[in-house]
Amino acid sequence: MSDYIFYPGCAMESNAKAYYDSLMEIAQPLGINLQEIDDWNCCGATEYVGINLIPAYSLIARNLALAAKTGQKTVLSPCSACYLNLAKADYYMAERPALGEKVNEALAAGNLQYTPGSLDIRHLLDVLINDIGLDTLKAKVVRPLKGLRVAPYTGCMVPRPDYNKRWSDPEHPTELIDVLKAIGAEVVAFPGGATCCGGHMTQIGPDTAYELIRRLISSAEKSKADIMVTVCPMCQLNVDAYQGETNSHYGTDYEMPIVFFSQLVGLALGFPPEKLGFGSEITSTEKALSRIGMDIPEAAITEGKQRQQEGLPMPLCMRKTAKTPECKRPCAEEAKA
Amino acid sequence: MSKTPVEHVHARLDHDEDLSLLHEVSMKTAGVSRLEMCIQCGSCGGSCPSEMDMDHTPRTLFAMLRAGMREEVLLSNTPWICVSCYHCVVRCPQNVHITDVMYSLKSMAIQEKKYRDSSAPDFSETFVEMVEKYGRSYEFGLATRHYLKHSPLRMIRTAAMGLGMLKKGRLNMKPTTIKGMEQLTAILNKAKEMELAHE
Ligand code: SF4
Ligand code: SF4
């Protein structure tokens, strides 16, 4: 067992519960021992630092100070944005001593202190590849995901800016591809693998975000992927939950599911889908899972049915051409007629 | 004594240039921004996935900083459209911390209330308000307040999705508050008294 200080981050308790649940299942068999930082706080995402620098870095540094207190050295973060915030704060406080001093002055007001460079900040994917290792992972696979065509979506904030040189390549990282191959999935060529999901632009500048989401999904479709796989709660949320809005914006009818890599690892290790958070997606994984002979949990399907009976507004499909047979959305042209 | 980046820049000029704005932004940026080292190559704009929605490419914006165009720079939508993807950062031949410079420009624009569209600054401020209150982010409160104020129509459109998220247990109606709120508040209050301006 390897010990890690665990920083879950806010999303793991809300929109990315599937990530949390699946990580909790696979950690034990893979020998990852997680000790959650007691009373950790939000990392500030990409918002606080755009308002006020010293408070933003002090917010992050409270977590670093609490983590360092445990006496362990390695912090594990599964969220890409949290990982980057923690890693960048640690790096910049050392690179710019004036920042480190001011942040420590603020921390002192809460009886805390942090010496930059005293922790290793690592992402879950890095730990899985470089500490646990692909051989251990392969040895634990009882149900290879043969026949499942997967688009590996690493996103931005894990391989970039990578000040500590932990990743294989800033724009064409191979780590996620290697993990997916190790669990027997068929990895498709996915040129958008390290591009952006739009981050918080889904909320503040949706047109910018829709375009980035569209590029990702259409690239995955062109690669004939059954499913996209991510290492980041923000990426999952944008591609999954905002896929409907993106479709209505462009008049497309994409149905590209996206799950966390820990969920697929969990399936390969033999855990049932219901223990791994399957069924919590907005864009259904039913078709993708059926390719490896699995069903999504019963509860999730009934929930979906209930939702339809209530007749919640469905976005209209704006595409003027003939509807494809798979398209389930009501058509704008028919509605007018 | 070694020269500061600005002195280096001056040393190569045959006329006086007012680099105070460039220097101010550089100093306000986390880490060593290296903004003074920009050679105007344009790799950043060429790598940027959301450049089509920006008033100015990062390169143009940095040229404007050098020219001291304070008003125009702070009113540019560029920092607000930046999605923090770091493509530019890994391609910049001068290792300028471009994304972090964008954060500095946002904070300066907020401080001086210089923006054309208040939606993005408001979003950041509401996000931070929630974090300062609870110690954790609170999506439900953030989304409802933000949409109500800025795009009630979009709220209607996203209601179905929000309900789906709620049903699937992915949206918490109630915020979580950390135990050490008093400690966190003391830290943040102290931090707010300080600025990373000159050294
Ligand atoms: S890539 Fe770097 S050096 Fe080139 S214009 Fe952009 S900031 Fe300047
Ligand atoms: S970090 Fe911002 S400026 Fe740089 S490429 Fe990405 S969106 Fe463009």
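These protein sequence lines map, in sequence, to chains D and G.
For the first sequence, the working numbering assigns the number 1 to the initial residue and increments by one for each residue that follows.
For the second sequence, the working numbering assigns the number 1001 to the initial residue and increments by one for each residue that follows.
All residues carry an ideal CB built from backbone N, CA and C; glycine is no exception.
For Arg149(D), the enclosing beta strand (DSSP E) starts and ends at 149 to 153. Counting along the chain, Tyr1115(G) sits inside no alpha helix (DSSP H), nor does DSSP assign it H or E at all. DSSP places Arg143(D) outside both helix and strand once states are collapsed to three, so it counts as coil.
Excluding sequence positions up to five before and after Gly117(D), its CB lies within less than 6 Å of the CB of Ala94, all in the same chain and listed in chain order. In this structure, DSSP gives Ile227(D) an extended state, which the three-state scheme calls strand. Identification of chain D residues near His1146(G) by a Cβ-Cβ cut-off of 7 Å yields Gln203, ordered along the chain. Contact of Leu1065(G) with chain D is not assigned, every C-beta pair being separated by 8 Å or more.
Per the coordinates, the alpha-carbon of Val259(D) lies some 32 Å from the alpha-carbon of Lys1149(G). Contact annotation: the segment 213 to 226 of chain D touches the segment 244 to 254 of chain D, with at least three C-beta pairs closer than 8 Å. Annotation for Ala87(D): Ile121, Tyr163, Asn164 place their beta carbon closer than 8 Å to its own, counting only its chain and skipping 5 residues before and after.
Closest by C-alpha distance to Ile26(D), out of Gln72(D), Gly244(D), Gly184(D), Ile132(D), is Ile132(D).
Counting only Cβ-Cβ distances below 9 Å, Ser1043(G) has no contacts in chain D at all, with the closest Cβ about 13 Å away. Checking the 7 Å criterion, the Cβ of Ser1076(G) is out of range of every heavy atom belonging to ligand 2.
Within the segment 158 to 190 of chain D, the residues whose Cβ lies closer than 8 Å to any Cβ of chain G are, in chain order, Arg160, Pro161, Asp162, Pro170, Glu171.
For the segment 1134 to 1161 of chain G, the residues whose beta carbon sits under 9 Å from a beta carbon of chain D are, in order, Tyr1134, Gly1135, Arg1136, Ser1137, Tyr1138, Glu1139, Phe1140, Leu1142, Ala1143, His1146, Tyr1147, His1150, Ser1151, Arg1154, Ile1156, Arg1157, Thr1158, Ala1159, Ala1160, Met1161. When DSSP reads this structure, Asp3(D) sits in a beta bridge with Asn33(D). Following the DSSP letters along the chain, one finds Thr1185(G) inside the alpha helix (DSSP H) bounded by residues 1181 to 1192. Put simply, of Glu1051(G), Ser1047(G), Arg1070(G) the residue whose alpha carbon is nearest the alpha carbon of Leu1021(G) is Arg1070(G). For Met1037(G), the closest Cβ of chain D is not nearer than 8 Å. At a beta-carbon threshold of 9 Å, none of the residues of chain D lie near Phe1062(G); the nearest stands roughly 18 Å away. In summary, Ile1039(G) is exposed, with fewer than 16 beta-carbon neighbours lying within 10 Å of its beta-carbon over all protein chains present. At a C-beta separation below 8 Å, Glu245(D) has these neighbours in chain G: Arg1157, Thr1158, Met1161. Using a CB distance cut-off of 8 Å, Leu1021(G) does not count as an interface residue toward chain D. Contacts with chain D at 8 Å (Cβ-Cβ) do not include Arg1116(G). Looking at the DSSP output, Leu125(D) bridges to nothing. Scanning its chain for C-beta atoms nearer than 7 Å, with the 5 sequence neighbours on each side dropped, one finds around Leu1196(G) the residues Met1027, Lys1028, in chain order. Taking a C-beta distance under 8 Å as the contact criterion, Ile37(D) and Tyr4(D) do not qualify as a contact pair. By the criterion of a C-beta distance shorter than 7 Å, Asn1172(G) is surrounded in its chain by Phe1140, once the five residues flanking it on both sides are discounted. Annotation: Ser1124(G) to Lys146(D) spans about 44 Å, alpha carbon to alpha carbon. Cβ atoms of Pro1049(G) and His1087(G) come within 8 Å of each other, at about 7 Å. Using a Cβ-Cβ cut-off of 8 Å, Cys156(D) counts as an interface residue toward chain G, since at least one Cβ of chain G sits closer than that to its own.
Scanning chain D for C-beta atoms nearer than 8 Å to the C-beta of Glu1112(G) yields nothing, as the closest lies near 13 Å away.
Taking the CA atoms as reference points, Ile204(D) sits about 13 Å from Met1155(G). In the three-state reduction of the DSSP assignment, Ser77(D) falls in the strand class.
According to the DSSP assignment, Ile1156(G) belongs to the alpha helix (DSSP H) that extends over 1152 to 1167. When the five nearest sequence neighbours on each side are left out, the beta carbons in the same chain lying within less than 7 Å of the beta carbon of Cys1085(G) are those of Pro1049, in order along the chain.
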